[in-house]
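The letter at position 16 of the sequence shown is residue 9 when you use this note's numbering, and the numbering goes up by one with no holes. Ideal Cβ placement from N, Cα and C applies to all residues, glycine included.
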Amino acid sequence: MNKPQLLPVATGGRRPHRDEGTGRKSSGHLSLLLLARSSLNLICIAALASCAVGPDFSRPELSRDAGYSATPLPPGTVTAGVAAGGAAQRLVNGMDIPGQWWRLFRSPQLDALVQEALQANPDIDAAQAALRQANELVYAEQASLFPSLSASASKTREKVSAASALGSSGGAAAAGALRRRSSRSTRRP
């Protein structure tokens, strides 16, 4: 009596590639598997070998002229010899400059000139509007990273006839409960 052969679930109901006579996997399947494993091993070895710098590695030195000038900047400037605004300036290395740097000069004429230039230049307004829009888009995209909560509610009303409710006791109990509830809600205290 021939029993039906059950196929393993992992093969998806298909028979594995096997030679008819020996019952072993076919040589084509094995060579493809061997090629895939060899390729993966070769890629891993090449990736790991490229990370090695060798035992004789020494850190390269920075070039001497890597700064803004060949000589270090002086800590301050000299006086200009003019009566108004010719005082020496002190330079602070690493200090941040504010966005409205021209206000540091405390000159009403310069403030008015820069304000007039900013108002007369629509490109700056457009760039600032685009920057605000980009910031808002970033905030909107970041909102998807947070958990969200949604809720919905619905109300249905069903009128059950007494004839259809008598056929089943469960329906009658539900109809009775509905009738009692509706009769209570119509009464006024």
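Using 8 Å for Cβ pairs, my map puts residue i next to residue j. What's the rounded Cβ distance?
{"i": "leucine 84", "j": "leucine 106", "result": "Contact flag wrong, Cβ pair sits at about 25 Å."}
{"i": "threonine 70", "j": "glutamine 82", "result": "5 Å"}
Bridge partners of residue i, per DSSP?
{"i": "arginine 125", "result": "Arginine 125 pairs with nothing; no bridge assigned."}
{"i": "arginine 83", "result": "Gly69"}
According to the neighbour-count rule (16 or more other Cβ atoms, all chains shown, within 10 Å of its Cβ), is residue i buried or exposed?
{"i": "aspartate 116", "result": "exposed"}
{"i": "leucine 111", "result": "exposed"}
{"i": "serine 162", "result": "No answer about serine 162 holds up, because its pLDDT of 45 lies below 50 and its placement is not dependable."}
Which same chain residues end up closer than 6 Å to residue i when comparing Cβ atoms and leaving out the 5 residues on each side of it in sequence?
{"i": "leucine 103", "result": "Trp95"}
{"i": "serine 147", "result": "none"}
{"i": "leucine 55", "result": "none"}
To which residues of the same chain is residue i closer than 8 Å at the C-beta, ignoring the five residues directly before and after it?
{"i": "proline 53", "result": "none"}
Can you list, in chain order, the residues of its chain whose CB lies under 7 Å from that of residue i, leaving out five sequence neighbours each side?
{"i": "serine 143", "result": "none"}
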